[in-house]
Each structure stands twice: as structure tokens, then as C-alpha cells.
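Here my numbering is used: the sequence shown runs in plain steps of one and ends on residue 1002.
Cβ atoms here follow ideal geometry from the backbone N, Cα and C, with glycine treated the same way.
Take a look at the structure below.
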Amino acid sequence: MSQTEAGLADELRRLVVKRSHDLVTLIDLDGTITYASPSWARMLGWDPAEVVGTPLVDYCHPDDVERGLDAIAAQARGEEIPPIVTRRKTKDGRWLSVESDSTPVYDADGNVTAIIGSAHNVTESVELRGRIDELHALYRVADAVARTTSLDELFGEALDALIDATAADRASLLLYDGAGVMRFQAWRGLSGAYRAATEGHTPWTQDVVDPRPVLIADVADGGLEPELAAVVRREGITALAFVPLVHAGQLLGKFMLYAAGRHDWSDGEIRLCLTIANHLASATVRTRTSAAFRAQREQLETVMRTVDEGILVQGSDGTRVYANDSAARVIGFTSAAELLAADRDDVLERFEILDEHGAPLPAEELPGRAALRGMTAQRLICYRIKATGEQRWSLVRANPIRDESGAVVASVSVIHEITKERRAGERIAFLARASELLNQTLEIDETLAALADLAVPHFAGHVTVDVFHGGVLRCVGARHRESDLTELILELRQTHPPTVHDHPVQRALRTGEPQFVPDVQAEAVAMAHDEQHVEAIRRLGNESGIVVPLIARGRTFGAITFGTVPPQPPFDEADIELATELGRRAAAALDNALLYEEAQERAHAADALQFVDDGVFLVDRDGIVQLWNPAAARAFRVRADRAIGRHVSESIPDWETLAAQTSAARGMQAIPVTVKGDERWLSASAASFSGGTVFAFRDITEQRAIEQLRSDFVSTVSHELRTPLAAIYGAALTLQRDDVRLEDSQRTGLLDVIASEADRLARIVNDILWASRLDSGQMGIAIEKCDAEAIVTQVTHSLRSHAPSKIVLDVDAEPNLPPIAADPDKLRQVLTNLVDNAIKYSPDGGHVYVLVTRSGNRIRFRVQDEGLGIPPTEQARIFEKFFRLDPQLTRGVGGTGLGLYICRELVERMHGRIGVNSDGRSGSTFWVELPVA
Ligand code: ADP
70 MSQTEAGLAD
80 ELRRLVVKRS
90 HDLVTLIDLD
100 GTITYASPSW
110 ARMLGWDPAE
120 VVGTPLVDYC
130 HPDDVERGLD
140 AIAAQARGEE
150 IPPIVTRRKT
160 KDGRWLSVES
170 DSTPVYDADG
180 NVTAIIGSAH
190 NVTESVELRG
200 RIDELHALYR
210 VADAVARTTS
220 LDELFGEALD
230 ALIDATAADR
240 ASLLLYDGAG
250 VMRFQAWRGL
260 SGAYRAATEG
270 HTPWTQDVVD
280 PRPVLIADVA
290 DGGLEPELAA
300 VVRREGITAL
310 AFVPLVHAGQ
320 LLGKFMLYAA
330 GRHDWSDGEI
340 RLCLTIANHL
350 ASATVRTRTS
360 AAFRAQREQL
370 ETVMRTVDEG
380 ILVQGSDGTR
390 VYANDSAARV
400 IGFTSAAELL
410 AADRDDVLER
420 FEILDEHGAP
430 LPAEELPGRA
440 ALRGMTAQRL
450 ICYRIKATGE
460 QRWSLVRANP
470 IRDESGAVVA
480 SVSVIHEITK
490 ERRAGERIAF
500 LARASELLNQ
510 TLEIDETLAA
520 LADLAVPHFA
530 GHVTVDVFHG
540 GVLRCVGARH
550 RESDLTELIL
560 ELRQTHPPTV
570 HDHPVQRALR
580 TGEPQFVPDV
590 QAEAVAMAHD
600 EQHVEAIRRL
610 GNESGIVVPL
620 IARGRTFGAI
630 TFGTVPPQPP
640 FDEADIELAT
650 ELGRRAAAAL
660 DNALLYEEAQ
670 ERAHAADALQ
680 FVDDGVFLVD
690 RDGIVQLWNP
700 AAARAFRVRA
710 DRAIGRHVSE
720 SIPDWETLAA
730 QTSAARGMQA
740 IPVTVKGDER
750 WLSASAASFS
760 GGTVFAFRDI
770 TEQRAIEQLR
780 SDFVSTVSHE
790 LRTPLAAIYG
800 AALTLQRDDV
810 RLEDSQRTGL
820 LDVIASEADR
830 LARIVNDILW
840 ASRLDSGQMG
850 IAIEKCDAEA
860 IVTQVTHSLR
870 SHAPSKIVLD
880 VDAEPNLPPI
890 AADPDKLRQV
900 LTNLVDNAIK
910 YSPDGGHVYV
920 LVTRSGNRIR
930 FRVQDEGLGI
940 PPTEQARIFE
950 KFFRLDPQLT
960 RGVGGTGLGL
970 YICRELVERM
980 HGRIGVNSDG
990 RSGSTFWVEL
1000 PVA
């Protein structure tokens, strides 16, 4: 090129540069501007003169500086680079995007000496592109919102869109959890450690109103707490933006944008972020709501399916909108689906609706219908399923459901089935009523007939009660739901009693166990006597039957038969229990009634026992006295209240002996027992029964004594009379004999024998007479002042004459004895007896000494001998009537045993005392004391 050409070309170039809209800039290799075209002023407002000499990076956006410097460095090395878009600062502080195309300038040696670049304003197109990115991002998010059902997916999509459309290289989404803590829901490019360290951090409080985004271009610029800033830096994050997620004025969470390098978050970025946030917030709420709704619905369905309570929802016109299985079952459907599919009239046809009293209930009065009229209603309803006659009881509670305007749109009925409870309740009530009835009267047949009345129709379709009377089973009551069939049962029991071996009544009686017959008709032939009987059973038409035996305390009284008659449902397990219980109670009532009857009889008997002279007492199996009549009380000297309820041995110490001897004995037997130290003789008999033993006895102590006396008397008297009579008889016969010649002395001797033996006979007879008179109370006593010494002298005088020669009889009386108060004849008799005995029982002879002394205001007579003596053990008894010592001890001395008895009786009647002292060997001393007159 020539100089001129070169000059022209320069000029041209200058003009082009000058006129160019592009920024033409020449920089040296360290980036200092060496030339700036006039467009610097037009486009950026900078005077080219003021920028020359300043570094180009001063006019670069900080975010772009790095790229700018990289480009300069590359070109300084002579590399060609593609155009780059950076931002250039205007003098008034705005940023314009410029696309620069630059190229190195070489010197003659081929070295790069400078870089020349031209840049044109691409701000609009950059912004436009930004907008398009933004829009694209928004579309993506909107599409995701529409398309995805899961929030996680949606969140992920939003984050990806944000990363694509903004300068963020990482992003996250955090939402408040139920506890008010903001937690990561979705993230891109964040470490677990970072998430853990920053979770929960938020620049706003949850209740903040209109939260603003918080933008941090560089954590180094501050604004974050030092620890948090450190965490952020460690994660390689320089810039970050907190963008609130708000829905309906409520802060739900935040978006976080992160950039590795410093970044001034632009309005566009934040706007996009907010827009997406907005979308997400509503989507989140909507998704959450619908998820919750779905979850709730599922939950509800599960609950509905599983709850025992029936749930029925009716629309405002009464149609069934929803029902669960339980609701369906209550009214006889197997499932909710079946119920909902069924025709409405069909449903109503299936069952009858009854109120709590069993009266038909109009449909309008059902709680569900009432709820449709706006009322909350509850009532007890009985659904009687027509097909089976089964009754189901429910407590139905219904509530209206209203729309926003308050109009009732549906009703919800909650059906709580209480059939079981109701039946249980009915059973309890029935049992209670039955018990009451059974206990009301003790008239057995009446009671059972009433029971039959009660059981039909509440419990059974028919009832029959059979009770043993005198060993024969008789029907005492029967009821059938249909009264004319009651007659049939009664008639049938007469003509065809339940005596067939296989009849359930017989089985129940035999086994003592309740009998359940699920299908009576099927067993009709087995239990019938004949064809006619079978026919009658068919007519009675019962389906199931229960026979319970009436047993109490091991005794079978009879049986009750219960039967169901369709449409009543057949008996079930619970019915058997009820029937059994009823049987138990009826049996107990029967037992009571029978016991009462017996007790009545026994009571009369017990009344009579009060007056009988025989002792009667009842001892139960445990030996406890249950009955103790007054005669028993007298005999054992134990009052009834002390004896009854205690063991018999407490009242009768000799119980063992008595019981043993009584049971061993046949009929009445005299048994000795000791009563408070006395020997008593009882004639006792015993009769055992299931409850114990009844003892009846008579106290025969006195009677026995008399009998003993009588026999003693007879033996003694006959013996005692025989001896003198034999002597007299012998002497008289001898005297009578002609063939024997008797000497006078012999004749006199024989006559003496007759005289003395007659005297002895007279004395014996006398003794008997005295004793008899004493016993019969005919002995008169005439007490007077007597001279004791004179009487003693008189008695000893007469006895001395008869006494054997070996006997020396002496009398000694204290001088000046006062007179005594006595009957002189009786005193003479007493002393005679004593002195006579003293002589009699001194067979070897000896000294008999009679002494009279005064002792205080009594006179004491003592008759002392040296005879046989009386053993101390026998001394008490010698005064008893007819008592005599053993003949060995008396050496055959005869006597009646009446003398001392007479003595004692007489002395006592004269207010005196009598006794004996003897050691049993060397004589005896009898003493008598009588009062001084
Ligand atoms: P009896 O007619 O037998 O003498 P008592 O009543 O007078 O009847 O006497 C009863 C019994 O007492 C006599 O059988 C005798 O065994 C005994 N007895 C009475 N007196 C005496 C006596 N002095 N010495 C010994 N035994 C006597």
C-alpha cells in the first residue's frame, strides 16, 4: 500500500471508527485503555478522553471481570477468541450488555503490542434471552405442577428450572415442618454436612408479614452470622439468595439459590424465583391438601370398614349415599355393597322397624330422617328381620351435614348395635322377674305355672313344666304362644307323657344335664309314643328345644322344657345358659317350697316336742345339736339356748357312750349316763335321717330305782320271811306230830322258837310297814319334850333281855341333860334299830355302849359296838332302803335293809341328823343328834 493509500486508509478507518455505533477500544497488554472511540460517550456516557489511561476492567461488571481478563490474556498470547458478552458500566451507573469482538495488534516483528476491540450493545437481546429463559423456566415449573403428583418431583423440577434460568449453580427448597422448623425438601448440589449445618436457618420468623428476599452477592460482604458464613464458604458458595415461599399471606418456606462465584442477584432472577415460589406454594398447599384429603379418605374408609358401629350417610332426599358393612349387617345385608345396590323398597320390605317398646316406627321418625330435617336425633330402634324373625337392637344417632349456606345436604347415622346387650339385659330382667316370681310363693305348682306364663313369649314359644308327684312325673304347667296349643300340650302330657327313653325330658332327668335339641321336628319320631304323638309334635311346631332338669341338693324334682316356635329364631348357646340358670332357680324354689312344707310339719312337731315329757334332741351330721326340747333340758340340766348350735358332747359328757349304746340297742334301752355327777338312767332310742339323728329318751332313773326297790323288796322280804317262817313251821310241825314224844323242855324250846321267830316276823313286817308308811307320807310325827335318858334306858333294858350272853350292853348319860324335842315313839324306834344292829352285827359278842351327851343345843346319842364294822365306801349307802352289806361282810346276819332307812327318815323328820363312823374293821359308832327342846 502507498503512503497516500495508507493515509487514506487511516483516515477512512478513523472516520469509520468515529462514526461507528460500536465501542471501539484499544488497550495495551496490561488492559489500560489507550484509545476509546466517540461511541463511548454516546453509548456509555463516558468522555473518551477520561477513559484513556484507565483500566478497561473498571468499566466491567464485577461478575465479568474474570472472563474479561482471561480474554485479554489469551489475546496477548496471540490467540484468537470468539466474541464474548460482558456488561459495561454506564456513567450513570447502569449496566449494558455488550458483545465484544477483539483482536491482537502485532508490530513489525510479529509481537502483540495491543488489543483492539469493538463492542456493540446487546443489552436488549440479552434481556430478551433472559426473559425467554425465565419463561422457559416458568413453563417447566407450571408443566411440572400440572403433571406431577408428587411434591418431591415438582420441587426437583423447580430447582432445575431455577438453576437453568439464573446464575445459581445450586439451589434448594426448604419448607416449615409441623414443628415450625424449616427443613430441606429438595436440593441440588448440596452436601449432607451443609444441609445439616444450615437446616432450620431462616432470615424470617414464621409469622412474618410480607417477607422480602434476602440477597447476598458475596458472603464476604457480611450479613450472615460468622458460623453460618463459614459453613457457606466451606461448601464453596460465595453468593446466595433467600427467596420466601408465601401462600395466602403465610410463609411456607424458602428457595435458596447459590453461586460459587460472587453474584449480584438480578431483579429478573429474583422475580423468576418469586414467581416459581408462588407457583410452588399454591401447588404445595393444593397437593398437600389433596394428599391429606386422600389420606383422610383412605383412613376414613378403613375406619368405616373396621368400626363395629354402622355408618349410614343419606342424601337430602333420603337416598343412601354411603354405608359401611356394619350398617348393612344391622338390617340383614351381608355387605355395604349389597345394601347400596339394593332397591329402596326392597330394603324396607326386608325388615320392620320397631321402637323401644316394640311398636312399629314410621320411617320419618328414624334419626337419619330427623337429621335431614336439621335435628340431631338419637333413639333405640329394633330392626326385625322379616325373613328370620330375628330382632336386632340398635342405638341410632344421626347428625345433619350442612353446606356453607347452612342447608342440610345429608345426614350421617351412627348405628350402634346393642342386640347382645339388649338380649343380655332382657335375659337378666327375665331371670330377675323369674326369681322374683319363684320366690314369691311357696305354692310349688302355682309358682311353676307362673314361670311358664313368664317365659312365653319373651323367652320361648312354649314351655312345659313336669314335676314328680309321688314318684310319677306330672305336668304342672304349660304354655304355648298360641293358647289353643297350650291345651294340646296339656292333653298330650296326659295321653302321651314324656316317658319314652329317648325323650329329651327323660334324658335330662337321667343325666341331670340340660338337653339341647336343635331340631325337634327331626327327633319327633324318636321321642313319640306313636304316630298320633308324632302328629301332635308336628302341630306344636317348635323348632329348637331345651330341657333343663330341676335339681336341688342332689334331688331331681322334674324338668322344664322350653321350645322355640318360628319365626322366633332357634335357641343358641346363650339361651341354653339362661334356661339352665332358670332351671337352677326353679329347682331351688321347688326345694325351698318342699323344705317349707316339711318345715311346717316339723314346726308342728317341734311345737309338740315342747310339751312331751320325753327328752328329744336332734344332732346333725356334724354332731351339732339342732333341736333340744325342754325335757332334754331338764334331763341333762342344760338349757336349750346353751345346747342348740353346739356340739352335743358339750351338753352330754357321756355322749360317746350314749350314742354307741343307743345305736347298738334295738328300741328303747336303759342306758346309764352321768349328769353333773349324778347317775341317771335313760331309756333312749335313735332314728337317723339324711340330716342327722333324732334321739328320744325318757329319764327312768326314778322308775328304775323303784323297780329296783321292788325287786330288792321282793327278794329281801321273801328271803327274810322264809327263814323265820321255816323255823316256826318246823317247830309247829314237830309239836303237832303224834309219833314223836316231846319232852316238856323240848316243847318249851320249840314254842320259844315259834315265839322268837314270830317276833322276828313281826319286826320284819313292822319294818315294812314303817317303811311303807314313811314312803306314802302316812307317818305322823308328834314332837314333844322328851327325856332322852329315860328313853335310852327303856330301850336298852328291853333289848338287853333278848341279847346274847356274849354281848355287854351299857348305857351312860350325861347328868342334867335337858329334854329334847322329839317324837318319843319314833326316837325309841330309832334307838331300838341302832342298838339291835349293834348287837346283831357283833356276832362274836362284845361291848355295846350307848352314850347320851349334850352338844350345844343338841343331844347326841351314840351307839358304839365292837362288831363287824362298815367299810367307809359303803357308809353312805347303808341308809338307803333295802341296802345291805355284802353277806360275806355280815357273816350271814339277816335283815331287810330297811332299819337304817327308817332311822334316817325318822331322824330327819324330827329335824335331827344321823351318821356312822367306822374304819370297817373294829366296830362302828352310829350317832343321832336331836335338838334340845
Ligand atoms: P338290816 O335289816 O339288814 O339290819 P339295816 O338297815 O338295819 O338293815 O342295816 C343295813 C345294813 O347295814 C346291814 O345289813 C348291815 O350290813 C349294816 N349294819 C347296820 N348296822 C351295823 C353295825 N352296827 N355294824 C355293822 N354293820 C351294820
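DSSP, read as helix, strand or coil, puts ASP133 in helix.
In the DSSP assignment, GLN637 falls outside any beta strand (DSSP E) and carries neither an H nor an E.
A straight line joining the alpha-carbon of ILE850 with that of ARG842 spans about 11 Å.
The beta carbon of THR267 sits closer than 8 Å to those of LEU297, VAL300 and VAL301, all from its chain and outside the five residues before and after it, given in chain order. The closest CA to that of SER108, considering only VAL617, HIS189 and VAL181, is found on HIS189.
Ligand 1 has a heavy atom closer than 6 Å to the beta-carbon of ASN906. Between ILE339 and PRO272, the gap from beta carbon to beta carbon reaches 7 Å or more. Our two residues, VAL688 and GLY992, have alpha carbons roughly 53 Å apart in a direct line.
As the crow flies, the alpha-carbon of ARG624 is around 16 Å from that of VAL574. The beta-carbon separation of ARG654 and LEU507, rounded to 6 Å, stays under the 8 Å limit for a contact. Annotation note: the segment 823-873 contains the following uninterrupted alpha helix (DSSP H) runs of length 4 or greater, listed N- to C-terminal: 857-871. Taking the C-beta atoms as reference points, PRO618 is found nearer than 7 Å to GLY581.
With contact defined as three or more Cβ pairs closer than 8 Å, the segment 796-816 and the segment 774-781 are not in contact. Around the beta-carbon of LYS950, 16 or more other beta-carbon atoms lie within 10 Å, marking it buried. Not one heavy atom of ligand 1 sits closer than 6 Å to the Cβ of THR942. For ARG953, the shortest C-beta to heavy atom distance toward ligand 1 is below 6 Å. Judged by DSSP in its simplified three-state form, LEU954 adopts coil rather than helix or strand. Judged by DSSP in its simplified three-state form, LYS323 adopts strand. Ranked by Cα distance from GLU560, the first of HIS602, ALA795, ASP588 and ALA595 is HIS602. Contact between the segment 888-896 and the segment 906-915 is absent: fewer than 3 CB-CB pairs across the two stretches fall below 8 Å. Using a Cβ-Cβ distance cut-off of 8 Å, the segment 461-469 and the segment 444-453 are in contact, since at least three pairs of beta carbons, one from each stretch, lie closer than that value. When distances are taken from the beta-carbon of ILE947 to the heavy atoms of ligand 1, the shortest one is below 6 Å. The continuous beta strand (DSSP E) containing SER166 extends over residues 164-175. Here the alpha carbon of ALA1002 sits roughly 22 Å from the alpha carbon of PHE995.
The Cβ atoms of ASP133 and ARG156 lie closer than 7 Å to each other. Judged by DSSP in its simplified three-state form, PRO429 adopts strand. Only buried fits ALA479, as 16 or more other CB atoms lie within 10 angstroms of its CB. Bridge partners of HIS673 according to DSSP: none are assigned. Sequence-distant Cβ neighbours of GLU883 in its own chain, meaning closer than 7 Å and more than five residues away, are VAL921, THR922 and ARG923. A distance below 6 Å between beta-carbons, with the five flanking residues on each side excluded, links TYR263 to the following residues of its chain, in chain order: GLU304. Inclusion of ALA183 and LEU125 in the CB contact set at 7 Å is not warranted, their separation being larger than that value. HIS348 carries a helical assignment under DSSP once its states are collapsed to helix, strand and coil. Cβ-Cβ distances below 6 Å link GLY186 to THR94, SER169 and SER171 in the same chain, with the five nearest sequence neighbours on each side left out; the list follows chain order.
Set against 6 Å, the gap from the CB of LEU778 to the closest heavy atom of ligand 1 is not smaller. Around the beta carbon of ASP988, fewer than 16 other beta carbons lie within 10 angstroms, which makes this residue exposed.
Straight across, the Cα-Cα distance linking LEU554 with ALA547 is about 10 Å.
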